[in-house]
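Enquirer:
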Amino acid sequence: MNVFSHPEFDNHEHLSFFCDPETGLKAIVAIHNTSRGPALGGCRMFAYVNDEEAVRDVLRLSRGMTYKSALANLDLGGGKSVIIGDPRTQKSEALLEAMGKHLESLGGQYIAAEDSGTSVPDLKVMGRHTKYVAGIIERTGFDGRLSNGDPSPTTAYGTFIGLKAAVQHKLGREDLTGLKVAIQGVGNVGYRLAHYLKQAGAELWVYDIHHENMQRAVAELGAHAASAEDILFLPVDVIAPCAMGAVINDDTIPHLNATVIAGAANNLLQRPDHDQALKDRGILYAPDFAINAGGIIDVFYEGSNASPDDVRAHVENIGQTLAEIFTRSDSSGIPTGAIANALAEERFRSFNQNRYLAGENHV
Ligand code: NAD
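Here you go:
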């Protein structure tokens, strides 16, 4: 397997492989870039078919975190970790504790948060052996509710703010009354997004493979129930994919009827060139890593002296960042995803230079 010449390597600063035969732990930590600060990113547990898949995933995800944090103006770098194994059958306290010890050995260059296959309680188990875990402190969010550290409510609020910025740019309206929105996936983020939209007067369509989740949105928010086949293709103003990635692809793009895509799901585009394909069809795409940054912003402030209002103000910057992306895209003719990447690079590269100019060592 190639590492330095791996197509996803992209000048990663650090890649480490951990193995603990006693507990069965096999894990990889990738740190893409720390020019803005320590690398923060989720710890994913997944039954990868082979080591190569795990390396590919951790490199891709880690790089994505550098871009997400830089775009959100956070003093954080990008990193990610993966534990190779089925979380339903291979996760144990001993394995999570071993992971905690390995994280501690990195001395804080990388801080882990929950991701698919891991939970807040799992991170707390790792935290018995390291202080380099985040998103685990119970606190009151700016919605006034107590949370166990789960950043989903903040992600949902940021997605709502970003969706409004996209609607304002594309449809020229600030008032969401009567706006038609289709949401794919009404779980932790999607349901709360639906709630914000309902409060703002939007008309909602929802679909979720979990029937109870869909029924909750129908019963509590008056949403229309849609089907798996039609949720992305309804004649609505906005589609908000909040379930899984790669749903914007060669098969779906020709049949989309909405003119705005603004959802929280990561890696919405199956391939980078789908960015241009959306622009060609006149569809405004709010780049996923810009609109769903509420969660990383939330985790960043954990344990700090920031008030819930400070966190809210930072999350609301997502609207300004998206407005800048949309305006640059219009004036340059370059699609929004590419503009978002360029803006993130400006933010982490210029930050790096500024720190060197100030005489600081960046690591
Ligand atoms: P979740 O698991 O709570 O919710 C996802 C929902 O989608 C579930 O209700 C699930 O039943 C449903 N679903 C799964 N497959 C589906 C399908 N094929 N069609 C329709 N519904 C389907 O997850 P979440 O925390 O709400 O995250 C949603 C998305 O947002 C994910 O892509 C996640 O990576 C991304 N995201 C989440 C956060 C966060 O803070 N939770 C932050 C950034 C990005």
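The C-terminal residue of the sequence shown carries number 493 in the working numbering, and the numbering is unbroken. Cβ atoms here follow ideal geometry from the backbone N, Cα and C, with glycine treated the same way. Predicted, not measured: the structure shown is a model, and the values here were computed from it.
Here's the rule I'm using: 16 or more other beta-carbon atoms within 10 Å means buried, otherwise exposed. How should Lys156 be labelled?
Expert: Residue mapping note: residue 156 aligns to position 26 of the sequence shown, counting from 1. Lys156 is buried by the Cβ-count criterion.
Enquirer: Let me check one thing: in DSSP terms, what residues is Asn163 bridge-paired to?
Expert: Sequence index remark: in the sequence shown, residue 163 carries index 33 (1-based). Its beta-bridge partners are Gly208.
Enquirer: Taking C-beta to C-beta, are Gly292 and Thr307 nearer than 8 Å?
Expert: As a first step, residue 292 is located in the sequence shown; it is residue number 162 there, counting from the start. As a first step, residue 307 is located in the sequence shown; it is residue number 177 there, counting from the start. No, these two residues do not count as a Cβ contact at 8 Å.
Enquirer: Closest by CA to Lys328, which one among Leu309, Val212, Glu244?
Expert: Residue 328 sits at position 198 when you count from the first residue of the sequence shown. For Lys328, the nearest C-alpha among the options comes from Leu309.
Enquirer: Grouping DSSP H, G and I as helix and E and B as strand, with all else coil, what is Gly171?
Expert: Counting from one through the sequence shown, the residue named residue 171 turns up at place 41. Of the three classes helix, strand and coil, the one that applies to Gly171 here is strand, per DSSP.
Enquirer: Mind checking Glu143: buried by the 16 CB within 10 Å criterion, or exposed?
Expert: Residue numbering aside, residue 143 sits at position 13 when the sequence shown is read from its first letter. Classification of Glu143: buried, given that the 10 Å Cβ count is 16 or more.
Enquirer: For the 8 Å Cβ check, are there 3 or more pairs between the region 155–170 and the region 196–216?
Expert: Enough Cβ pairs lie closer than 8 Å, so yes.
Enquirer: With Leu408 and Ile427 assumed to form a contact (beta carbons below 8 Å), what rounded beta-carbon distance in angstroms separates them?
Expert: The residue labelled residue 408 in the question sits at position 278 within the sequence shown. The residue labelled residue 427 in the question sits at position 297 within the sequence shown. The Cβ separation is near 26 Å, so there is no contact.
Enquirer: Between the beta-carbon of Ala296 and the beta-carbon of Ile313, is there less than 8 Å?
Expert: Residue mapping note: residue 296 aligns to position 166 of the sequence shown, counting from 1. Residue mapping note: residue 313 aligns to position 183 of the sequence shown, counting from 1. Contact: no.
Enquirer: Identify whether Ser135 lies in helix, strand or coil by the three-state DSSP scheme.
Expert: Taking the first residue of the sequence shown as position 1, residue 135 is located at position 5. Three-state result, Ser135: coil.
Enquirer: Do Lys221 and Met175 have their beta-carbon atoms positioned less than 8 Å apart in this structure?
Expert: Residue numbering aside, residue 175 sits at position 45 when the sequence shown is read from its first letter. Residue numbering aside, residue 221 sits at position 91 when the sequence shown is read from its first letter. Contact flag set, yes.
Enquirer: Consult DSSP for Ala295 and reduce its assignment to one of helix, strand or coil.
Expert: Here residue 295 is taken as the residue at index 165 of the sequence shown, counted from 1. In this structure, Ala295 counts as helix in the three-state DSSP scheme.
Enquirer: Any idea what DSSP makes of Val493, helix, strand or coil?
Expert: Walking along the sequence shown from the start, residue 493 turns up at place 363. With a pLDDT of 32 at Val493, under the threshold of 50, the predicted position of this residue should be treated as unreliable, though the coordinate-derived value follows. Coil.
Enquirer: For Tyr240, which residues does DSSP report across the bridge?
Expert: As a position in the sequence shown, residue 240 is number 110, starting the count at 1. Answer is Ala169, bridged to Tyr240.
Enquirer: What do you reckon, is the C-beta of Tyr337 under 7 Å from a heavy atom of the ligand NAD?
Expert: On the sequence shown, residue 337 is found 207 positions in, with the first residue counted as 1. For the ligand NAD, at least one heavy atom lies less than 7 Å from the Cβ of Tyr337.
Enquirer: Answer with buried or exposed for Asp439, where buried requires no fewer than 16 other C-beta atoms within 10 angstroms of its C-beta.
Expert: For the purposes of this step, residue 439 is taken as residue 309 along the sequence shown, with counting starting at 1. Exposed.
Enquirer: Alpha carbons only, please: which of Asp216, Asp181, Ile464 is nearest the one belonging to Asp405?
Expert: For the purposes of this step, residue 405 is identified with residue 275 of the sequence shown, where counting begins at 1. Minimum Cα distance to Asp405 is reached at Ile464.
Enquirer: What distance in whole Å lies between the Cβ atoms of Thr389 and Ala420, which are believed to be in contact at a cut-off of 8 Å?
Expert: As a working mapping, residue 420 is identified with position 290 in the sequence shown. As a working mapping, residue 389 is identified with position 259 in the sequence shown. Between Thr389 and Ala420 the Cβ distance is about 18 Å, and since that is not below 8 Å, they are no contact.
Enquirer: Say yes only if the C-beta of Pro281 is nearer than 7 Å to one or more non-hydrogen atoms of the ligand NAD, and no if none qualify.
Expert: On the sequence shown, residue 281 is found 151 positions in, with the first residue counted as 1. Yes, since a heavy atom of the ligand NAD falls inside the 7 Å radius drawn around the Cβ of Pro281.
Enquirer: Please report the straight-line C-alpha distance between Ala349 and Val319, rounded to a whole angstrom.
Expert: The residue you call residue 349 lines up with position 219 of the sequence shown. The residue you call residue 319 lines up with position 189 of the sequence shown. Spanning the two alpha carbons is a distance of roughly 18 Å.
Enquirer: When you compare only the Cα positions, how much space is there between Pro371 and Ala394?
Expert: Here residue 371 refers to the residue found at position 241 when the sequence shown is read from its first residue. Here residue 394 refers to the residue found at position 264 when the sequence shown is read from its first residue. In a straight line, the C-alpha of Pro371 is about 6 Å away from that of Ala394.
Enquirer: Assuming contact is defined by CB atoms lying nearer than 8 Å, are His259 and Glu304 in contact in what I supplied?
Expert: On the sequence shown, residue 259 is found 129 positions in, with the first residue counted as 1. On the sequence shown, residue 304 is found 174 positions in, with the first residue counted as 1. No, these two residues do not count as a Cβ contact at 8 Å.
Enquirer: Please state whether DSSP places Arg477 in a helix, a strand or coil.
Expert: By one-based count along the sequence shown, residue 477 stands at place 347. The answer is helix: DSSP assigns Arg477 an H, G or I state.
Enquirer: Span of the beta strand (DSSP E) holding Phe272?
Expert: For the purposes of this step, residue 272 is identified with residue 142 of the sequence shown, where counting begins at 1. Element bounds for Phe272: n/a, residue is neither H nor E.
Enquirer: Using the Cα positions of Leu236 and Gly449, report the straight-line distance between them to the nearest angstrom.
Expert: Mapped onto the sequence shown, residue 236 falls at position 106. Mapped onto the sequence shown, residue 449 falls at position 319. So the two alpha carbons sit approximately 35 Å from each other.
Enquirer: Using beta-carbon positions only, say whether Ile161 and Ser192 come within less than 8 Å of one another.
Expert: Your numbering for residue 161 matches position 31 in the sequence shown. Your numbering for residue 192 matches position 62 in the sequence shown. Cβ atoms of Ile161 and Ser192: closer than 8 Å.
Enquirer: Excluding five sequence neighbours on each side, which residues of the same chain lie with their C-beta closer than 6 Å to the C-beta of Gly247?
Expert: Numbered from its first residue, the sequence shown carries residue 247 at position 117. Closer than 6 Å at the Cβ level, and outside the excluded window around Gly247, lie Arg174, Met175, Phe176, Pro217.
Enquirer: Let me check understanding here. Comparing Cα to Cα, which of Lys198, Ala373, Gly238, Thr270 lies closest to Tyr321?
Expert: Counting from 1 along the sequence shown, the entry for residue 321 is found at position 191. Out of Lys198, Ala373, Gly238, Thr270, Ala373 has the C-alpha closest to the C-alpha of Tyr321.
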